[in-house]
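Protein chains in written order, with the numbering used here: chain A, 225 to 581; chain H, 225 to 581.
Cβ coordinates follow ideal geometry from the N, Cα and C atoms, glycine included.
Being a predicted model, the structure only gives us computed values, none of them experimental.
Protein chains: 2
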Amino acid sequence: MADMLNPGATIGILGGGQLGRMLSVAAARLGFKTHIFEPGANPPAGQVADRVTTAAYDDAEALKAFADSVDVITYEFENIPTQALDLLEEHRPIRPGREALRVSQDRLTEKAFLQELGLKTAPFADVTNLDGLRDALDAIGTPAILKTRRFGYDGKGQARLNTPEDAEAALADMAGAPSILEGFVDFTHEVSVIAARGIDGQVACFDPGENVHRDGILHTTTIPARLSPAQRMDAVLLAANILNALDYVGVMGVELFVTAQGLIVNEVAPRVHNSGHWTQNGCAVDQFEQHIRAVAGWPLCDGQRHSDVVMENLIGSDMDRVPELAREQDVALHLYGKAEVKAGRKMGHFNRIVRKG
Amino acid sequence: MADMLNPGATIGILGGGQLGRMLSVAAARLGFKTHIFEPGANPPAGQVADRVTTAAYDDAEALKAFADSVDVITYEFENIPTQALDLLEEHRPIRPGREALRVSQDRLTEKAFLQELGLKTAPFADVTNLDGLRDALDAIGTPAILKTRRFGYDGKGQARLNTPEDAEAALADMAGAPSILEGFVDFTHEVSVIAARGIDGQVACFDPGENVHRDGILHTTTIPARLSPAQRMDAVLLAANILNALDYVGVMGVELFVTAQGLIVNEVAPRVHNSGHWTQNGCAVDQFEQHIRAVAGWPLCDGQRHSDVVMENLIGSDMDRVPELAREQDVALHLYGKAEVKAGRKMGHFNRIVRKG
């Protein structure tokens, strides 16, 4: 491909957490250097990156120097300040592109975008004040969940409303931030599709995984997910639909609820996704390398797996399980090198390979 | 295990080439930081390491500072100067230990060690001068190969003798270095066992791979190797024999010739080995992580593979094949991030996964 970035080139990654870390390793596997931009000190990705810039997203000089030092820019999270993106984009291409970020940075915009594509979502309503919330509750009913439109993840910035009487407290939790009320969906299980789109428009999906959450955080992903062939096809087509509409380049995580009425899109993440970590031990090319391939203009892999896998997250004190897990055969550990164990913090994960035959 | 090094600890690696690079990535996967010690500038391993020291092996101050900054020391190659090892060992444990290095740094010592263990080797003789070489040729015959006893790799420091008349020229090639004459072995093919031994004495072997060389450099390794069940068992027991005799901790590559008279040990390498690269895409835990596990006092994996694999090296201008290889499904590329392509230089490798069923 004419657009292929040559080995030896440098890929800039915004964000130095575990996703940046695993992207950095994947980039190195293809001969690329990485440069991490991260406001926090001692980022996990820095331990496996060629270079790290520690600076804030409003540090124009640092952003410019970062952009000038790399060939292309990608990111490990979607909540990058718009001004930083504006500045970076003047210097180097950002992949996935701005449209994907615009849509995914705002839950309301995202839901509207999905509806326009003809995809099903949970019922939702824009909420700006208490009257608006009460109207929304009338329309959607309870239980429902109030979420800030922007900058939420892993259950943060969310309040559950069991009855209309919870309205005032829930709104207070939003601390004045523009919010969206979402109705609950009656689903049997959640699956996600890790989809990728190349610079040439080629789309490839990994097999959908089935997700189980605990305390609002992903607990396990099991491959293959319980899906009928028709549902599996639906999931893949729907993901491709989203990627094509955004002229997307890179890997995207698409979370879906499986219901009697079909698949309902829960949310999309314009980046590698926790529910795709199983690919590290299930496929020749994992989601991290798939993302780097797309961003670097390389051909994608087809997403076929050689093994079934169950991925499980290690959260906080789950790290105490490491010595025992290390003794288990067919278990591949992936630890993130985070200095401090904290409750609710993702410290690592492991993939249990299910041997065939 | 009481001796398990905790995630967050630092593993020091002597040597910053591709083996150090892949060891560094494996260490990071278990949550370890790595510190590379390498005399050459811009080592490939430095791109994925937490820290790099660029210094010579006779720089006592740099060696001491390096040792003090790490919890345990390992290495990617066996030809580390003895004085450097002496100094390092005063500060931190070196794994695999000195005995393995003593034996493998000298072809004559290695052959004698193997013979003492009752293992078969090619016929060999110590050569110190022309008379000695002539005596050796009388005993061993031609064709034969003259090798320096120390510091040879990938066919360097070797001269082939087709007739006794080649003696003088071959000896001149050794440039006065103590040498060993080795007879040729009539073998059908070469296999290697990537064996590991834990700090607790546990031994685990990956399935033997079959090696094909080109121009004295490994070209491909194919898993599984053509071996009868009895030969396979022999290969594993023989490798375990070597590891136990050395009270070895880490991964070792054992190259074997398959002959009508049984398995003959070609050479041993006290480190991860090119012929074990297939494990990256064939096993839950690859040879690099297996080595780090051993060095860090962790339990070993059992070495079972989930897929058959063919590994092929990318030497020099083979890098031109990368765009085409990237398009092939089931091919996993591993490039080393070396700045300059040179003839005969190992630039990367790829693993072709053979899908089962």
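In this structure, the CA atom of residue 572 of chain A is about 53 angstroms from the CA atom of residue 397 of chain H.
For residue 274 of chain H, the nearest CB of chain A lies under 8 angstroms from its own CB, placing it at the interface with that chain. For the pair residue 386 of chain H and residue 372 of chain H, the CB atoms are not nearer than the 8 angstroms cut-off.
With respect to the C-alpha of residue 325 of chain A, the residue from A:276, A:545, A:470 and A:578 having the closest C-alpha is A:470.
Here the region 456-475 of chain A makes contact with the region 315-332 of chain A; the two share three or more CB pairs at distances below 8 angstroms.
When DSSP states are grouped into helix, strand and coil, residue 466 of chain H belongs to the helix group. Within chain H, no residue has its beta carbon less than 7 angstroms from that of residue 316 of chain A; the closest one is some 20 angstroms off. With 16 or more neighbouring CB atoms inside 10 Å of its own CB, residue 480 of chain H falls in the buried class. For residue 235 of chain A and residue 294 of chain A, the gap between their C-alpha atoms comes out near 6 angstroms. For residue 382 of chain H, the secondary structure class from DSSP, reduced to helix, strand or coil, is strand.
Each residue's CA atom was taken as its position, placing residue 401 of chain A and residue 429 of chain H some 58 angstroms apart. Between residue 422 of chain A and residue 494 of chain A the beta-carbon gap is near 15 angstroms, outside 8 angstroms, which marks them as no contact. Residue 404 of chain A has its alpha-carbon roughly 6 angstroms from the corresponding atom of residue 349 of chain A. By the beta-carbon neighbour count (other beta carbons within 10 angstroms, threshold 16), residue 388 of chain A is exposed. With contacts defined as CB atoms closer than 8 angstroms, residue 278 of chain A and residue 269 of chain A fail to qualify as a contacting pair. Shown here for residue 445 of chain A: same chain residues with a beta carbon closer than 6 angstroms to its own, the five before and five after excluded, namely 433, 435, 499, 502 and 535 in chain order.
Within the region 299-333 of chain A, no residue has its Cβ closer than 7 angstroms to any Cβ of chain H. Scanning the region 397-427 of chain A from its first residue to its last, the whole beta strand (DSSP E) runs of 3-plus residues come out as 403-407 and 413-421. A direct Cα-to-Cα measurement between residue 414 of chain A and residue 463 of chain A gives close to 15 angstroms. 8 angstroms or more divides the Cβ of residue 530 of chain A from the Cβ of residue 253 of chain H. Taking the CA atoms as reference points, residue 251 of chain A sits about 10 angstroms from residue 272 of chain A. It is roughly 6 angstroms from the alpha-carbon of residue 477 of chain A to the alpha-carbon of residue 496 of chain A. If you ignore the 5 residues before and after residue 559 of chain H, its C-beta comes within less than 6 angstroms of the C-beta of 572, all in its own chain and listed in chain order. Taking a C-beta distance under 8 angstroms as the contact criterion, residue 369 of chain A and residue 358 of chain A do not qualify as a contact pair. At least one CB of chain H lies nearer than 8 angstroms to the CB of residue 554 of chain A. Excluding its 5 nearest sequence neighbours in each direction, residue 442 of chain H has C-beta neighbours in its own chain below 7 angstroms: 435, 498, 499 and 537, listed in chain order.
According to the DSSP assignment, residue 258 of chain A belongs to the beta strand (DSSP E) that extends over 257-262.
For the region 531-559 of chain A, the residues whose beta carbon sits under 8 angstroms from a beta carbon of chain H are, in order, 531, 543, 546, 547, 550, 551, 553, 554, 555, 556, 557, 558 and 559.
Contact annotation: in the region 240-271 of chain H, residues whose CB is within less than 7 angstroms of a CB in chain A are 249, 252, 253, 254, 255, 257 and 271.
DSSP places residue 332 of chain H inside the alpha helix (DSSP H), whose first and last residues are 331-340. For residue 515 of chain A, the three-state secondary structure derived from DSSP is helix. Closer than 8 angstroms at the C-beta level to chain H, one finds these residues of the region 516-528 of chain A: 517, 522, 523, 525, 526 and 528. Secondary structure in the region 256-323 of chain A: the alpha helix (DSSP H) runs of 4 residues or longer, each lying completely within the stretch, are 284-292 and 306-315 in chain order.
When Cβ-Cβ separations below 8 angstroms define contact, residue 457 of chain H makes no contact with chain A. No Cβ-Cβ contact shorter than 8 angstroms links residue 328 of chain A with residue 300 of chain A. Residue-level contact check: residue 505 of chain A touches chain H, since one or more beta carbons of chain H fall below 8 angstroms from its beta carbon.
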